[in-house]
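Per the working numbering, residue 7 is the first one in the sequence shown, and the count goes up by one each step.
Ideal Cβ placement from N, Cα and C applies to all residues, glycine included.
Since this is a predicted model, take the numbers as computed values, not measurements.
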Amino acid sequence: MKETAQILKEKGLKVTPQRIAVYNMLLNTTEHPNAETIYKALEPTNPTMSLATVYKTLDYFKQLGLVQELNVGEGSSRYDAVVKCHPHTVCVQCGKVQDLYLDELTEIHKKVEDELDFQVNCEQLILYGVCGNCRRKNKEG
Ligand SMILES: [Zn+2]
Ligand SMILES: [Zn+2]
Numbered sequence: 007m008k009e010t011a012q013i014l015k016e017k018g019l020k021v022t023p024q025r026i027a028v029y030n031m032l033l034n035t036t037e038h039p040n041a042e043t044i045y046k047a048l049e050p051t052n053p054t055m056s057l058a059t060v061y062k063t064l065d066y067f068k069q070l071g072l073v074q075e076l077n078v079g080e081g082s083s084r085y086d087a088v089v090k091c092h093p094h095t096v097c098v099q100c101g102k103v104q105d106l107y108l109d110e111l112t113e114i115h116k117k118v119e120d121e122l123d124f125q126v127n128c129e130q131l132i133l134y135g136v137c138g139n140c141r142r143k144n145k146e147g
């Protein structure tokens, strides 16, 4: 895998330790954090970084196609370093966002193409529900 600094440089971004930290965090998580979560996670190691910097950095990343912004119906966006379109599940109780990879979607794309003469490039599919953890907690009352 390429060095994060190298990736940022190739995108024409000035490489700063804070930008590297934000991108690395997103590369190493499947949690789909929002800006605030990223800020809190990086605060101990980057005490001079502000929340505004995190927002600005995420905005640059989004414009350069390094991250995708997900709106799952909350007040703030979630961020994903996997920029290829993929479906997500969202727990309505704890807000957990997970990646979902469905082979069946290829069939659905094919069906749409046949029936509507429409080529699907990307889908924004979000399945809302309750995750296993929350269901267990609910049962325990
Ligand atoms: Zn949950
Ligand atoms: Zn994702």
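| Query | Result |
| --- | --- |
| Starting from the C-beta of L33, find all residues in its chain whose C-beta is less than 6 Å away, skip the five residues before and the five after it, and write them out in chain order. | A87 |
| So L57 packs on E80, CB below 8 Å; how close in whole Å? | Between E80 and L57 the Cβ distance is about 17 Å, and since that is not below 8 Å, they are no contact. |
| Taking just the CA atoms, how far does C128 sit from V118? | 12 Å |
| Using only the heavy atoms of ligand 2, determine whether one of them is closer than 7 Å to the beta carbon of H115. | no |
| For the pair the segment 104-121 and the segment 47-64, tell me if three or more CB-CB distances fall below 8 Å. | no |
| Have a look at P39, N30, L70 and T63 and flag the residue whose alpha-carbon is nearest the alpha-carbon of G18. | L70 |
| What first and last residue would you give for the alpha helix (DSSP H) that runs through Q24? | P23 to L33 |
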